[in-house]
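The structure under discussion appears below in the form of structure tokens.
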Amino acid sequence: MAPKKSTKKSEVTILDDVLEKSIPKRDSYTIPSEMKSWYKIANIVMTSLAFFTRFYYIWYPNEVVFDEVHFGKFASYYLERTYFFDLHPPFAKLLIAFVGWLVGFDGKFKFENIGDSYIENSIPYIPLRALSAILGTFTVTLMFEILKECNYSVWTCILGSAIVAFDNAHVAETRLILLDATLVISIAASLYCYIKFTKTRKQPFSFEWYKWLALTGISLSCVISTKYVGVLTFFSVGVAVAVDLWNLLDYRTGLTIRQFFRHFYARFFLLIVLPFIIYLGWFYVHFAILIKSGPGDAFMSSEFQETLGDSMLARESKEVNYYDIITIKHKNTDCYLHSHIHRYPLRYEDGRISSQGQQVTCYNGEPTFSDQWEILPANPFPGSKLGHRVEQGDTFRLRHVETNGYLLTHDVASPLYPTNEEFTVVSIEEGDGPRFNDTLFRFDPVDGKKEATMKTKGSVFKVIHVPTVVAMWTHNDVFLPDWALGQQEVNGQKNVQDNSNNWFIDTIVGLTGPRAIFVPKPVKKLPFLKKWWELQGLMFEHNNKLSSEHPYASQPDAWPICKSGVSFWTKADLKQQIYFIGNIPAWWYECLTLVIFLAILAVDQITRQRNVLVLTELSRARLYRNIGWLFVAYLFHYLPFFLMGRQKFLHHYLPAHMIAALLAAAVSEVLFTNNRTVAFCSKDEKPNQLNTYAYISFVVLLLAVIVSGFIFFAPITYGNVSLTTSEVLKRQWMNVKLQFGK
293 MAPKKSTKKS EVTILDDVLE KSIPKRDSYT IPSEMKSWYK IANIVMTSLA
343 FFTRFYYIWY PNEVVFDEVH FGKFASYYLE RTYFFDLHPP FAKLLIAFVG
393 WLVGFDGKFK FENIGDSYIE NSIPYIPLRA LSAILGTFTV TLMFEILKEC
443 NYSVWTCILG SAIVAFDNAH VAETRLILLD ATLVISIAAS LYCYIKFTKT
493 RKQPFSFEWY KWLALTGISL SCVISTKYVG VLTFFSVGVA VAVDLWNLLD
543 YRTGLTIRQF FRHFYARFFL LIVLPFIIYL GWFYVHFAIL IKSGPGDAFM
593 SSEFQETLGD SMLARESKEV NYYDIITIKH KNTDCYLHSH IHRYPLRYED
643 GRISSQGQQV TCYNGEPTFS DQWEILPANP FPGSKLGHRV EQGDTFRLRH
693 VETNGYLLTH DVASPLYPTN EEFTVVSIEE GDGPRFNDTL FRFDPVDGKK
743 EATMKTKGSV FKVIHVPTVV AMWTHNDVFL PDWALGQQEV NGQKNVQDNS
793 NNWFIDTIVG LTGPRAIFVP KPVKKLPFLK KWWELQGLMF EHNNKLSSEH
843 PYASQPDAWP ICKSGVSFWT KADLKQQIYF IGNIPAWWYE CLTLVIFLAI
893 LAVDQITRQR NVLVLTELSR ARLYRNIGWL FVAYLFHYLP FFLMGRQKFL
943 HHYLPAHMIA ALLAAAVSEV LFTNNRTVAF CSKDEKPNQL NTYAYISFVV
993 LLLAVIVSGF IFFAPITYGN VSLTTSEVLK RQWMNVKLQF GK
């Protein structure tokens, strides 16, 4: 009698069956070999179009735009090796600085204000912007490849990549000196590499398997080393890894516990340990470069500051004593606290009455005698007046040297802000007599260190009026009339935490003696991990403090439909502006496909409950495993912002938008594919077959709409076109408030 044939599956076959369930899955839709050359051509075309949209007019405007004031400045600090403090990890900023070093930028230009000229200061700004543009271009390339690796048609790959290639928000963000281009391409690379890794699942521990797993970890490290929201990408990949490991744990795979843990350790090391080591490495480079004292010193502990050598700032920084004659500068507008003999008018233009007191203004120019103030203690010191240091947190008085009067503020409305208090100068007799309390101010240090000695240049503080608890403030959005020589108004505002309240002591007039002599300080060492840990704590602490209102901040519920944007730059005389906003038709189409995707899943679940099998297993695999993973990644990159208390802006949605573009393209192909089982098909229909001609027609039409939307908003994306009032009003979508609309 012949032996009975075994029906038991081999371990390899069982392993294949189980691994088929892991996500994201490369389903059985396959790309014909004759189509591969078309994919290459199409990707080259999409990359070229992305290159054009990002490099078009990249030299314009030739001025500092929006957050270039921050990230250009940080590159300058790297190149001068002076220590600075920022909320974001160093990777993307180091890339910008590296490009600056390659093109010979010396870092002396500090990107202080929006509108500062690059041409007049001979700044090689185009290469710095080109870094973002190149990264933004190759993000589109990666998106095409992601959809290709998931076996979507060439038209789906074109659609998904075109949504970002012709997106006004992505273009605006990836042609300036900003961080988001690095962030988004790193996220795209993480998704791409993990998909490539899943395609090697039948050859575990092979070279290709290790290569794509390691590249996924390296890509994830780039994400988290650019911005801390990169942890959301870890969660997205982590879901896929967790499901994969859960399936491998199944006894039917035939894997021993030892073999399973080999899989676990490989993923743990290459997806967690390796990225963390690389992440620490960028901080090591950060500390190795920034070896000189700089504007970030005040945030750090004294122990940390002792590891920094003296910079030019330190050479010019002098210890401030009481009875010094000083000049005080406003940090944001770079102007001097000033007073002169002119007085406030009896009535302002709106009919309000002033105190008619001596004017206190802010003067933007070379310092003059009118900018000099003597700093006095609230109560005179017994004995000698010499040698008493000014400490942060002290209560003090300021005497205007030229007119010999005390600075004060009181409950009288300021000229330009009726809700704020007027600043003025009163005589010595009044200040020492009935108005003594009104002349008392307190240094409120920005870094929170109440006992730090006040120094010129380096100590940043808020000037708080003791009796009324308002902060001394100035602004340059509107200037005082001719009766105040067109200078900046100084007033007291109630929002004392506003960062625009920051001031610093610029110079000590006529300083002589030992304090005028620069003595280099000894440099000490501190373990790297101790420095890193201190910086991490401060970064998270200050990130959580970003809760103040901002005119262009928006909430996550407004992002998918792009209700409002952010003003990046304006040129009043030419009526030109750059406004950050997405391509409205494409953003709305993404929202529509998200709803359609959820509707399809809901219908499938309901019908299956009644044992009505409408969708083929192949189409369900694509919906639940491939598109489903993209949907989970979208949610991870979007929903957590609802829980964050910090300031939020539309650019925070760009990673989620990029993933939604992939999902929208994938869902579009599903809609034009016959996903029904044989029981629900006619005789001429074949399951899982794409209606090619109808789909191509739809994609071409949709692309025409997307490109039209991009062109319509292009004038406010590039800022190189002067728009009439009517043209501006046409682009005021929903809550968008553009300049020059009146």
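My numbering puts the first residue of the sequence shown at 293, with every later residue one more than the last.
Yeah, the Cβ is synthetic: ideal placement off N, Cα and C, and Gly gets one too.
The structure displayed is predicted, hence computed values, not measured ones.
Query raised in the report: Candidates Glu412, Ser609 and Ile1008: which alpha carbon is nearest Asp589's?
Result: Ser609
Query raised in the report: What is the DSSP secondary structure of His622, reduced to helix, strand or coil?
Result: Here His622 carries a strand assignment [DSSP, helix/strand/coil].
**Report entry** Given 8 angstroms, three or more beta-carbon pairs between the stretch 394 to 406 and the stretch 451 to 459
**Finding:** no
**Report entry** Coarse secondary structure for Ile633, derived from DSSP in three states
**Finding:** strand
**Report entry** Collapsed DSSP secondary structure at Val997 in the structure displayed
**Finding:** helix
Report task. Let me know the alpha helix (DSSP H) ranges lying completely inside the stretch 719 to 800, each 4 residues or longer, listed in chain order. Result -> 720 to 724
Query raised in the report: For the stretch 632 to 696, which segments carrying the beta strand (DSSP E) assignment without a break, of at least 3 residues, lie completely within its bounds, in sequence order?
Result: 650 to 655, 665 to 669 and 687 to 692
Report task. Taking all protein chains shown into account, decide if Met327 is buried (16 or more other Cβ within 10 angstroms of its Cβ) or exposed. Result -> exposed
Query raised in the report: Whole alpha helix (DSSP H) runs in the stretch 373 to 436 with 4 or more residues, listed along the chain?
Result: Complete alpha helix (DSSP H) runs here, min 4: 383 to 394.
Query raised in the report: Can you tell me the Cα-Cα spacing of Ala996 and Ser414, whole angstroms?
Result: 41 angstroms
Report task. Measuring alpha carbon to alpha carbon, tell me which of Ile479, Ser513 and Arg493 ends up nearest Tyr945. Result -> Ile479
Query raised in the report: If you draw a straight line from the alpha carbon of Phe579 to that of Val755, how long is it in whole angstroms?
Result: Linking Phe579 to Val755 through their CA atoms gives a straight-line distance of about 32 angstroms.
**Report entry** C-alpha distance - Trp765 paired with Ile569, whole-angstrom precision
**Finding:** 44 angstroms
**Report entry** Length of the line joining the Cα atoms of Asn836 and Leu830
**Finding:** 10 angstroms
**Report entry** Inter-residue spacing [alpha-carbon to alpha-carbon] between Ser646 and Leu427
**Finding:** 56 angstroms
**Report entry** Beta-carbon spacing of Thr748, Thr799 below 9 angstroms
**Finding:** yes
Query raised in the report: Who are the near neighbours of Gly802 in its chain, counting only those whose CB is closer than 7 angstroms to its CB and skipping five residues on each side?
Result: Ile617
Query - Which of helix, strand or coil DSSP assigns to Trp501 - result: helix
Requested in this report: Measure how close the beta-carbons of Gln779 and His929 come, nearest whole angstrom, since I'm counting them as under 8 angstroms.
Outcome: With 8 angstroms as the limit, Gln779 and His929 do not qualify as a contact, their Cβ atoms being about 47 angstroms apart.
Query raised in the report: Taking DSSP as the reference, what is the three-state secondary structure of Gly937?
Result: coil
Query raised in the report: Rounded to a whole number of angstroms, what is the C-alpha to C-alpha distance between Arg681 and Ile388?
Result: 40 angstroms
**Report entry** Sequence-distant residues of its chain with Cβ nearer than 7 angstroms to Thr695 (five each side left out)
**Finding:** Answer for Thr695: Ser631, Ile633, Gln650 and Val717, listed in chain order.
Query raised in the report: Between which two residues does the beta strand (DSSP E) harbouring Ile868 extend?
Result: Rather than Ile, the amino acid found at residue 868 in this sequence is Gln. Per DSSP, Gln868 belongs to the beta strand (DSSP E) from Gln868 to Phe872.
Query - Closest by C-alpha distance to His842, when choosing among Leu942, Asn656, Pro759 and Ile797 - result: The shortest CA-to-CA distance from His842 to any of Leu942, Asn656, Pro759 and Ile797 is the one to Leu942.
Requested in this report: Could you check which residue in Asn793, Val887 and Ser751 has the C-alpha nearest to that of His767?
Outcome: Asn793
Query raised in the report: Could you give the distance in angstroms between the alpha-carbon of Ser314 and the alpha-carbon of Gly750?
Result: Summary for Ser314: the model assigns pLDDT 38, below 50, so the residue's position carries little reliability; its value from the coordinates is reported in the next sentence. Going from the Cα of Ser314 to the Cα of Gly750 covers about 56 angstroms.
**Report entry** Buried versus exposed, by CB contacts within 10 Å (16 or more), Phe934
**Finding:** In this structure Phe934 is exposed. Its beta-carbon is surrounded by fewer than 16 other beta-carbon atoms within 10 angstroms.
Query raised in the report: According to DSSP, what are the bridge partners of Leu907?
Result: Answer by DSSP bridge pairing, in chain order: Arg968.
Requested in this report: Report back the beta-carbon spacing between Pro979 and Val991 to the nearest angstrom; my notes put them in contact at under 8 angstroms.
Outcome: With a Cβ gap of about 22 angstroms, Pro979 and Val991 do not count as contacting.
Query - Span of the alpha helix (DSSP H) around Phe1022 - result: Residue identity check: residue 1022 is Lys in the sequence provided, not Phe. It spans Thr1017 to Lys1022 - the alpha helix (DSSP H) in which Lys1022 sits, taken as one unbroken run.
Report task. Could you pull out every residue in the same chain whose Cβ sits closer than 6 angstroms to the Cβ of Val1020, ignoring the five residues on either side in sequence? Result -> Leu1030, Phe1032 and Gly1033
Query raised in the report: Any contact of the stretch 342 to 361 with the stretch 999 to 1014, i.e. 3+ C-beta pairs under 8 angstroms?
Result: Verdict: yes, contact present.
Query raised in the report: Which same chain residues, not among the five before or five after Thr548, have their C-beta less than 8 angstroms away from its C-beta?
Result: Result list for Thr548: empty, nothing under 8 angstroms.
Report task. Indicate the three-state DSSP secondary structure (helix, strand or coil) for Lys978 in the structure shown. Result -> coil
Query - Enclosing beta strand (DSSP E) for Phe860 [first to last residue] - result: Val858 to Lys863
Requested in this report: Could you check which residue in Asn903, Asn712, Phe923 and Ala953 has the C-alpha nearest to that of Tyr877?
Outcome: First, the amino acid is wrong: residue 877 is Pro here, not Tyr. For Pro877, the nearest C-alpha among the options comes from Ala953.
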